[in-house]
Amino acid sequence: MSILCSSCKKQPLISVCIPVFRTEKYLARCLESVISQDFPDFEIVIVNDASDGKDEKTLSCKKIVRMAEKSAAHSRKEMQHPPVTFTYIENRTNMQTIETRRTLVEAACAPYIAMLDSDDELLPGALSALYEAAKESEADIVHAQMEIPLGTEEMRCGINARSEKPLRQKEIIGSFLRQEHSGYLCAKLIRRDLYLKAFSHIPFTKCVMADDFLIYFFAALEAQSYVSIPKAVYRYDISTGISSPAKISSLERWEQICSAANVFTVIFDELSHLPAGTLTEEETDRIRIRCRWYLQNNLSQLAQSVIPELQAAARFMLCDYWGEDFVEETETRI
Numbered sequence: 606m607s608i609l610c611s612s613c614k615k616q617p618l619i620s621v622c623i624p625v626f627r628t629e630k631y632l633a634r635c636l637e638s639v640i641s642q643d644f645p646d647f648e649i650v651i652v653n654d655a656s657d658g659k660d661e662k663t664l665s666c667k668k669i670v671r672m673a674e675k676s677a678a679h680s681r682k683e684m685q686h687p688p689v690t691f692t693y694i695e696n697r698t699n700m701q702t703i704e705t706r707r708t709l710v711e712a713a714c715a716p717y718i719a720m721l722d723s724d725d726e727l728l729p730g731a732l733s734a735l736y737e738a739a740k741e742s743e744a745d746i747v748h749a750q751m752e753i754p755l756g757t758e759e760m761r762c763g764i765n766a767r768s769e770k771p772l773r774q775k776e777i778i779g780s781f782l783r784q785e786h787s788g789y790l791c792a793k794l795i796r797r798d799l800y801l802k803a804f805s806h807i808p809f810t811k812c813v814m815a816d817d818f819l820i821y822f823f824a825a826l827e828a829q830s831y832v833s834i835p836k837a838v839y840r841y842d843i844s845t846g847i848s849s850p851a852k853i854s855s856l857e858r859w860e861q862i863c864s865a866a867n868v869f870t871v872i873f874d875e876l877s878h879l880p881a882g883t884l885t886e887e888e889t890d891r892i893r894i895r896c897r898w899y900l901q902n903n904l905s906q907l908a909q910s911v912i913p914e915l916q917a918a919a920r921f922m923l924c925d926y927w928g929e930d931f932v933e934e935t936e937t938r939i
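For the sequence shown, our numbering assigns the number 606 to the initial residue and increments by one for each residue that follows.
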């Protein structure tokens, strides 16, 4: 891992944390959406997860970040705001999403963290709205809304599900598991120390699917307070990334999709070591239901997206990750 950072004179109020892997063609747009925020005191932390991508100008991730840093110095001065601190980290090998987010959190300096995927954008006024809600409520988790240009209304409702009433302690994990509010890390402002508590439950895990579910599960388990605001602060592009409906033509990509199984292995293993009664039986059942939902989604992708030449090898890999008996039992339920 290599780290480059610009100097800062004081601790920022928010760390905007951005993972990058083969999303360079969107990165400049993403960074501009952060630089142009009217909030005066934040930093930007970027982790390049051994990405070899280029943008349309054939610029690498590091060069795009450096150009954004120069642009920020000029534009922030024009806005009469303090300069933005950039921290740029390169993983020497691909660590995948959970470990990249862990690195982002550990490198962040601010008491609050806003996660931003590098193919998405912050909407104008996002950081101000999130921080104002956090300051007023002193909540561990501030949950806002996403603008979703594509997708069905049902998908939009699911992604933007939120609890309109404030939640305390065990209410938070219960609300999340009942899907009364979504577990997406983006469009949320979460205390850094809560992220650190969540990661303390998670061993080294290579995974790019259901990673938000895993991290937010333990954040919700540890959180003391949650509030939501109706304002849209985040533009989410569902047409890119590992969960997009593109054809799957390599076992490497298929293995990343199967890695959702690792999430539930970690959760159930950690729950076995936590005090009895940490979750109710109903809440534990809801995790099992969610686990089966992810496997059903994998089976659907196997049937609809994996190219015919890879079908046999892909099914073998799916059984290796989830267990052959569980796969066959789930197939009978579909």
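The beta-carbon is built from N, C-alpha and C at its ideal position, and this holds for glycine as well.
Taking residue i as the reference, give the member of the options with the closest Cα.
i	options	result
alanine 837	Pro754, Ile894 and Ile912	Pro754
histidine 748	Ser680, Glu776 and Leu790	Leu790
tyrosine 926	Leu904, Cys863 and Ile718	Cys863
methionine 700	Gln861, Leu907 and Ile669	Gln861
leucine 900	Met814, Val832, Ala828 and Asp842	Met814
asparagine 696	Thr708, Thr690 and Pro688	Thr708
alanine 731	Arg840, Arg761 and Glu758	Arg840
glycine 756	Arg627, Asp842 and Ala908	Asp842
isoleucine 834	Asp817, Arg893, Met720 and Ala738	Ala738
aspartate 745	Asp725, Glu759, Leu794 and Cys762	Leu794
methionine 684	Glu758, Ile894 and Ser641	Ser641
leucine 907	Thr889, Val932, Thr883 and Arg893	Val932
Pull up the distance between the alpha-carbon of residue i and that of residue j, whole angstroms please.
i	j	result
alanine 734	glutamate 741	11 Å
threonine 870	threonine 885	19 Å
serine 830	leucine 915	46 Å
glutamate 934	alanine 866	15 Å
leucine 904	proline 913	14 Å
alanine 792	methionine 922	34 Å
lysine 770	isoleucine 777	11 Å
glutamate 962	glutamate 661	Shown here, the chain extends from 606 to 939; a query on residue 962 therefore has no answer.
arginine 920	aspartate 930	13 Å
cysteine 896	isoleucine 872	10 Å
phenylalanine 644	glutamate 752	20 Å
valine 911	alanine 851	9 Å
proline 958	alanine 918	Residue 958 lies beyond the range of the chain shown here (606 to 939); nothing can be said about it.
phenylalanine 823	valine 832	17 Å
lysine 615	threonine 698	32 Å
threonine 889	lysine 682	52 Å
valine 868	aspartate 646	34 Å
Spatial neighbours of residue i within its chain, please: C-beta separation below 6 Å, excluding the five flanking residues on both sides.
i	result
serine 780	Ser768, Leu772 and His786
cysteine 666	Val625, Glu629, Asn653 and Ser656
valine 670	Ile651 and Tyr693
Given that a residue counts as buried once 16 or more other Cβ atoms are within 10 Å of its Cβ, and exposed if not, what is residue i?
i	result
histidine 679	exposed
glutamate 936	exposed
threonine 690	buried
glutamate 887	exposed
tryptophan 898	exposed
glutamate 573	The requested residue 573 is not part of the displayed model; the chain covers only 606 to 939.
glutamine 750	buried
aspartate 941	Any property of residue 941 remains undetermined from this structure, which presents the chain solely from 606 to 939.
glutamate 759	exposed
To which residues of the same chain is residue i closer than 8 Å at the C-beta, ignoring the five residues directly before and after it?
i	result
arginine 783	Arg891
isoleucine 820	Ile703, Arg706, Leu790, Tyr800, Ala803, Phe804 and Ile807
isoleucine 847	Note that isoleucine 847 scores 49 on pLDDT, short of 50, meaning its location in the model is unreliable; the coordinates nonetheless yield the value given after this. Excluding residues within five positions, the ones whose Cβ falls inside 8 Å are Val813, Met814, Arg858, Gln861 and Ile862.
isoleucine 853	Trp859, Ile862, Gln906, Ser910, Val911, Ile912, Leu915 and Ala919
valine 710	Cys622, Ile718, Arg797, Tyr800, Leu801 and Phe804
Can you give me the Cβ contacts of residue i inside the same chain, cut-off strictly under 7 Å, excluding the 5 residues immediately before and after it?
i	result
alanine 713	Ser620, Cys622, Val650 and Arg797
Can at least three beta-carbon pairs, one atom from the segment 622–641 and one from the segment 661–679, be found at a separation below 8 Å? yes
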